[in-house]
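S.K.: One structure coming up, written as structure tokens, with questions to follow.
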Amino acid sequence: MTVEKEKDLDSPTENEKSESDRKWIKNCVWVRDKILKELGISVEDLSSFESFTRLLHRPRDPSGLAVIRMLYGVLMIIDVHHERGLSSADSRWGNPAECRFPFFNFLKPLSLEWMIMIYLLMLLGATGIMLGYRYRLSCLCFLVSYWYIFFLDKSHWNNHSYLFGLIGTQLMVSGANRCWSLDGRKNSKYKHKHVPLWNYALLRGQIFLVYFIAGLKKTNLDWIGGYSMEKLGYHWVFDGFRFLLSGDQITYFVVHLGGFLLDLTVGFFMLMEFSRPYAFLFCGLFNLMNSRMFAIGMFPYVMIAVMPIFCSSNWPKKVFYQIPKLREVVLYESAPGKSEDCVYTEPDVRPEEQVESSEKHTSSVKTPSRRSLRLRHKATAVLFCLYFCLQFFLPYSHSFTKGYNTWTQGLYGYSWDMMVNNWRYVHTTVTVVDKNTGQHFHLDPDAWTRSHRWTHHADMVKQFGHCIQEKMAETHKLKDIELYMDVWLSLNRRFTQRCASLIYFPTVED
Numbered sequence: 001m002t003v004e005k006e007k008d009l010d011s012p013t014e015n016e017k018s019e020s021d022r023k024w025i026k027n028c029v030w031v032r033d034k035i036l037k038e039l040g041i042s043v044e045d046l047s048s049f050e051s052f053t054r055l056l057h058r059p060r061d062p063s064g065l066a067v068i069r070m071l072y073g074v075l076m077i078i079d080v081h082h083e084r085g086l087s088s089a090d091s092r093w094g095n096p097a098e099c100r101f102p103f104f105n106f107l108k109p110l111s112l113e114w115m116i117m118i119y120l121l122m123l124l125g126a127t128g129i130m131l132g133y134r135y136r137l138s139c140l141c142f143l144v145s146y147w148y149i150f151f152l153d154k155s156h157w158n159n160h161s162y163l164f165g166l167i168g169t170q171l172m173v174s175g176a177n178r179c180w181s182l183d184g185r186k187n188s189k190y191k192h193k194h195v196p197l198w199n200y201a202l203l204r205g206q207i208f209l210v211y212f213i214a215g216l217k218k219t220n221l222d223w224i225g226g227y228s229m230e231k232l233g234y235h236w237v238f239d240g241f242r243f244l245l246s247g248d249q250i251t252y253f254v255v256h257l258g259g260f261l262l263d264l265t266v267g268f269f270m271l272m273e274f275s276r277p278y279a280f281l282f283c284g285l286f287n288l289m290n291s292r293m294f295a296i297g298m299f300p301y302v303m304i305a306v307m308p309i310f311c312s313s314n315w316p317k318k319v320f321y322q323i324p325k326l327r328e329v330v331l332y333e334s335a336p337g338k339s340e341d342c343v344y345t346e347p348d349v350r351p352e353e354q355v356e357s358s359e360k361h362t363s364s365v366k367t368p369s370r371r372s373l374r375l376r377h378k379a380t381a382v383l384f385c386l387y388f389c390l391q392f393f394l395p396y397s398h399s400f401t402k403g404y405n406t407w408t409q410g411l412y413g414y415s416w417d418m419m420v421n422n423w424r425y426v427h428t429t430v431t432v433v434d435k436n437t438g439q440h441f442h443l444d445p446d447a448w449t450r451s452h453r454w455t456h457h458a459d460m461v462k463q464f465g466h467c468i469q470e471k472m473a474e475t476h477k478l479k480d481i482e483l484y485m486d487v488w489l490s491l492n493r494r495f496t497q498r499c500a501s502l503i504y505f506p507t508v509e510d
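Under the UniProt record's numbering, the residue at position 300 of the sequence shown is numbered 300, and the numbers go up by one with no gaps.
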């Protein structure tokens, strides 16, 4: 009996359990409210679809979005010449006999002269985006030509090329020309007007996903084990770590573990105001180091340029207000005007939107009466949610399309598995067999293409096989052939292994 009484005394009572549960719930609620406060929203904003729609259409200052628009336009002007290939258009598109790897098989390159015109259209569009001149038309010109060249050849795909197109598409549907734009100088409709919160949320969410999903993809055992980027720690950008760590230790602890933790967490830290300055510092250094280590074009600079999207929407005005010579030239004399795209409630402007000015009436906004939601507001909220559902789905859609990317993993180009798998091309043998005579031919794998990337992807191997079939029929009159492709690659410095073998193609019809 004594033992049982002691056990009863030691075990928690129901009241103690209930008190513990209440404390746990209270702490969880406190953390939730703290996070929502940092994000500038409340539980009520997420309590219903109507509240969520109102949240997305809250009025925001357009200046932060305008700066992103201008920086994006400048960087895309450089990108058109550099990575898109205007400076090397003659060598890239000048050979009509070269095999291409389009995303849609019906896409074909135009003649060299017209391809250069496509580049010029893209260049004009990027310039229009930067200046905010005929903004929607400029975005359309840029994006149509950009996506055309993007889909025209998968052998030039990169995750960041896909990202540039996404950012351009998001800017096109936003009100990024409502501040500091030529459109605003010509038409008062676009001069210093509010933009809805979803304009900022769309870009913030996209950049957040780039980092976060890249971090999730780095849970790959090769990355966590330190095999994906072997010897990268010996690069000169890591010289500052050498007084503490060896090259191999830098490769593992700084490159692999540090890169994993930064990608996984930096999006959260940029969303929170208290941690944002430190996140900007590490994120900026991370991208600058990447720009020195890898040939990835404008990607690091674009990622640096879009970091301010996480700040308050009127951050440029706060900066310019501190510079007297720019204050009178750059800042508007009044606060942003109301817009049909926004839904106004009381109060219309949160504390982050208020900024001092030389005019008394520039620190607040005269608010109209409460407005009801329209159908287009609700449609925008639905499309907003569907877009991010798609962005969450695509990086893991290889569950439905296994074999597309490096034979076993996700869709290349929009999977955000940056640098996780590094394939080293070793050897390829292409054998053509004339089925009528049994004669064998060995074909130079570089005969009709300059890229080895087709060896990494099963769908591109198939496309190359069809191209060879057509070329053999045209040049050698061989219409009934078999193709044998023997591809050898090395993954993350492993032993060389075979990735492809027999592929058969039927007779070509006359």
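Every residue gets a Cβ at the ideal spot worked out from N, C-alpha and C, and that includes glycine.
Model, not experiment: these values are computed from the prediction.
1) Is the Cβ-Cβ distance between Val-195 and Arg-60 less than 9 Å?
2) Please classify Tyr-227 as buried or exposed, where buried requires at least 16 other C-beta atoms within 10 Å of its C-beta.
3) Let me check understanding here. Comparing Cα to Cα, which of Leu-483, Trp-24, Gly-64 lies closest to Ser-312?
4) Around the C-beta of Ala-214, are 16 or more other C-beta atoms found within 10 angstroms, so that it is buried, or is it exposed?
5) Taking just the CA atoms, how far does Leu-216 sit from Glu-98?
6) Consult DSSP for Phe-104 and reduce its assignment to one of helix, strand or coil.
7) In the structure shown, what three-state DSSP assignment does Met-485 receive?
8) Given this structure, state the Cα-to-Cα distance separating Asp-21 from Val-237, to the nearest angstrom.
9) Leaving aside the five residues before and after Tyr-146 along the sequence, list all residues of the same chain whose C-beta is less than 7 Å from its C-beta, in chain order.
10) Thinking just about the alpha-carbon of each residue, which of Leu-75, His-156, Ala-126, Lys-23 is nearest to the one in Gly-85?
11) For a quick check, are the C-beta atoms of Met-272 and Thr-251 less than 9 Å apart?
12) Count the other C-beta atoms from every protein chain shown that fall within 10 angstroms of the C-beta of Ser-358, then say buried if there are 16 or more, exposed otherwise.
13) Classify Met-117 as buried or exposed, calling it buried when 16 or more other Cβ atoms lie within 10 Å of its own Cβ.
14) Going by C-alpha to C-alpha distance, which of Phe-142, Pro-336, Gly-284, Val-302 sits closest to Asn-314?
15) In this structure, how does DSSP classify Ser-18 when only helix, strand and coil are distinguished?
16) Looking only at its chain, what residues have a beta carbon closer than 6 Å to the beta carbon of Lys-378, apart from the 5 residues adjacent to it on each side?
17) Could you tell me which uninterrupted alpha helix (DSSP H) segments, each at least 4 residues in length, are contained entirely in the stretch 110-170, listed from first to last along the chain?
18) What residue range does the beta strand (DSSP E) around Asp-444 cover?
19) What's the gap between the Cα of Arg-424 and the Cα of Leu-443?
20) Check Val-306 in the structure and name its three-state DSSP category.
21) So, at 6 Å on beta carbons, what are the nonlocal neighbours of Tyr-211 in its own chain, with the 5 sequence-adjacent residues on each side left out?
22) Can you list, in chain order, the residues of its chain whose CB lies under 6 Å from that of Arg-100, leaving out five sequence neighbours each side?
23) If you reduce the DSSP assignment to three classes, tell me which class Pro-351 lands in.
24) If we count Cβ pairs, one from each stretch, closer than 8 Å, do we get three or more for the stretch 317-332 versus the stretch 31-48?
25) For Tyr-387, report the span of its alpha helix (DSSP H) as first-last.
26) With distances taken from CA atoms, which of Gln-322, Asn-436, Leu-202 is nearest Leu-383?
27) Kindly indicate which three-state DSSP category Thr-429 falls into: helix, strand or coil?
28) Just to confirm the assignment: which complete alpha helix (DSSP H) runs, minimum length 4, are found wholly within the stretch 174-238?
29) Would you tell me roughly how many angstroms separate the C-alpha atoms of Phe-282 and Gly-258, rounded to the nearest one?
30) Taking the alpha carbon of Tyr-387 as the reference point, which residue from Val-31, Tyr-148, Gly-205 has its own alpha carbon closest?
31) Am I right that Leu-483 and Cys-499 are in contact with their C-beta atoms under 8 Å? What's the rounded C-beta distance?
32) On the DSSP letters alone, give me the boundaries of the alpha helix (DSSP H) that Thr-345 sits inside.
33) Quick check on this structure: which residue in Phe-208, Arg-376, Val-173, Cys-139 has the alpha carbon closest to the alpha carbon of Asn-199?
34) Going by CA-CA distance only, name the one from Met-70, Val-433, His-440, Arg-453 that's closest to His-427.
35) Mind checking which residues open and close the alpha helix (DSSP H) that includes Leu-285?
36) On the DSSP letters alone, give me the boundaries of the alpha helix (DSSP H) that Asp-45 sits inside.
M.R.: Concretely, from the data shown:
1) On the sequence shown, residue 195 is found 195 positions in, with the first residue counted as 1. On the sequence shown, residue 60 is found 60 positions in, with the first residue counted as 1. Judged by their CB atoms, Val-195 and Arg-60 are nearer to each other than the 9 Å cut-off.
2) Indexing the sequence shown from 1 puts residue 227 at position 227. Counting Cβ neighbours within 10 Å, Tyr-227 comes out buried, since at least 16 surround it.
3) Here residue 312 is taken as the residue at index 312 of the sequence shown, counted from 1. With distances taken between CA atoms, Ser-312 lies nearest to Gly-64 out of Leu-483, Trp-24, Gly-64.
4) Stepping through the sequence shown from its first residue, residue 214 is reached at position 214. Using a 10 angstroms sphere on the CB of Ala-214, the tally of other CB atoms reaches 16 or more, which defines it as buried.
5) Taking the sequence shown and counting its residues from 1, one reaches residue 98 at position 98. Taking the sequence shown and counting its residues from 1, one reaches residue 216 at position 216. Straight-line measurement puts the Cα of Leu-216 at about 38 Å from the Cα of Glu-98.
6) Stepping through the sequence shown from its first residue, residue 104 is reached at position 104. Note: Phe-104 maps to coil in three-state DSSP.
7) Indexing the sequence shown from 1 puts residue 485 at position 485. In the structure shown, the three-state DSSP call for Met-485 is strand.
8) Stepping through the sequence shown from its first residue, residue 21 is reached at position 21. Stepping through the sequence shown from its first residue, residue 237 is reached at position 237. Distance between the alpha carbons of Asp-21 and Val-237 is about 50 Å.
9) Counting from 1 along the sequence shown, the entry for residue 146 is found at position 146. For Tyr-146, same chain residues with a beta-carbon under 7 Å away, outside a window of 5 residues either side, are Met-122, Gly-165, Gly-168 in chain order.
10) Along the sequence shown, one-based indexing puts residue 85 at 85. Checking every option, the nearest Cα to that of Gly-85 belongs to His-156.
11) Locating residue 272 in the sequence shown gives position 272, counting from the first residue. Locating residue 251 in the sequence shown gives position 251, counting from the first residue. Not in contact: Met-272 and Thr-251 (Cβ atoms no closer than 9 Å).
12) By one-based count along the sequence shown, residue 358 stands at place 358. Note that Ser-358 scores 38 on pLDDT, short of 50, meaning its location in the model is unreliable; the coordinates nonetheless yield the value given after this. Exposed: under 16 other Cβ atoms inside 10 Å.
13) In the sequence shown, the residue the question calls residue 117 occupies position 117. Exposed, because fewer than 16 other Cβ atoms sit within 10 Å of the Cβ of Met-117.
14) Reading the sequence shown from its first residue, position 314 is the one you call residue 314. From the listed residues Phe-142, Pro-336, Gly-284, Val-302, the smallest Cα separation to Asn-314 is found for Pro-336.
15) Position 18 of the sequence shown holds residue 18. Correct three-state label for Ser-18: helix.
16) Here residue 378 is taken as the residue at index 378 of the sequence shown, counted from 1. Non-local beta-carbon contacts of Lys-378 in its own chain, meaning distances under 6 Å to residues more than five positions away in sequence, involve Thr-53 in chain order.
17) Taking 4 residues as the shortest admissible run, the stretch 110-170 contains the following complete alpha helix (DSSP H) segments, listed from N- to C-terminal end: 112-131, 135-152.
18) The count along the sequence shown starts at 1 and reaches residue 444 at position 444. Unbroken run through Asp-444: none, as it is neither H nor E.
19) As a working mapping, residue 424 is identified with position 424 in the sequence shown. As a working mapping, residue 443 is identified with position 443 in the sequence shown. Each residue's Cα considered, the two are about 21 Å apart.
20) Sequence index remark: in the sequence shown, residue 306 carries index 306 (1-based). Here Val-306 sits in coil by DSSP.
21) By one-based count along the sequence shown, residue 211 stands at place 211. Within the same chain, Asp-263, Val-266, Gly-267 come within 6 Å of Tyr-211 by CB-CB distance, once the 5 residues on both sides are set aside.
22) The residue you call residue 100 lines up with position 100 of the sequence shown. If we look at Arg-100 and ignore the five residues flanking it on each side, its Cβ neighbours are Asp-153.
23) As a working note, residue 351 is residue 351 in the sequence shown. The predicted model places Pro-351 with a pLDDT of 47, which falls under 50 and marks its position as unreliable, so this point remains unresolved.
24) Too few Cβ pairs lie closer than 8 Å, so no.
25) Indexing the sequence shown from 1 puts residue 387 at position 387. It spans 375-393 - the alpha helix (DSSP H) in which Tyr-387 sits, taken as one unbroken run.
26) Counted from its first residue, the sequence shown places residue 383 at position 383. Considering only alpha carbons, the answer is Leu-202.
27) The count along the sequence shown starts at 1 and reaches residue 429 at position 429. Looking at Thr-429 - three-state DSSP - the assignment turns out to be strand.
28) Inside the stretch 174-238, DSSP marks whole alpha helix (DSSP H) runs of 4 or more residues at positions 182-186, 197-217, 221-224, from first to last along the chain.
29) Sequence index remark: in the sequence shown, residue 282 carries index 282 (1-based). Sequence index remark: in the sequence shown, residue 258 carries index 258 (1-based). Rounded to whole angstroms, Phe-282 to Gly-258 spans 11 Å at the Cα level.
30) Within the sequence shown, residue 387 is the residue found at index 387, counting from 1. Closest by C-alpha distance to Tyr-387, out of Val-31, Tyr-148, Gly-205, is Gly-205.
31) Stepping through the sequence shown from its first residue, residue 483 is reached at position 483. Stepping through the sequence shown from its first residue, residue 499 is reached at position 499. Between Leu-483 and Cys-499, the beta carbon gap of about 15 Å keeps them out of contact (Cβ cut-off 8 Å).
32) For the purposes of this step, residue 345 is taken as residue 345 along the sequence shown, with counting starting at 1. Premise fails: Thr-345 is in no alpha helix (DSSP H) and is neither H nor E.
33) Here residue 199 corresponds to residue number 199 of the sequence shown, with the count starting at 1. It is Val-173.
34) Taking the first residue of the sequence shown as 1, we reach residue 427 at position 427. Closest in alpha carbon position to His-427, among Met-70, Val-433, His-440, Arg-453, is Arg-453.
35) Looking up residue 285 in the sequence shown gives position 285. For Leu-285, the uninterrupted alpha helix (DSSP H) segment begins and ends at 276-293.
36) Stepping through the sequence shown from its first residue, residue 45 is reached at position 45. Taken as a continuous stretch (DSSP letters only), Asp-45 belongs to no alpha helix (DSSP H), as it is neither H nor E.
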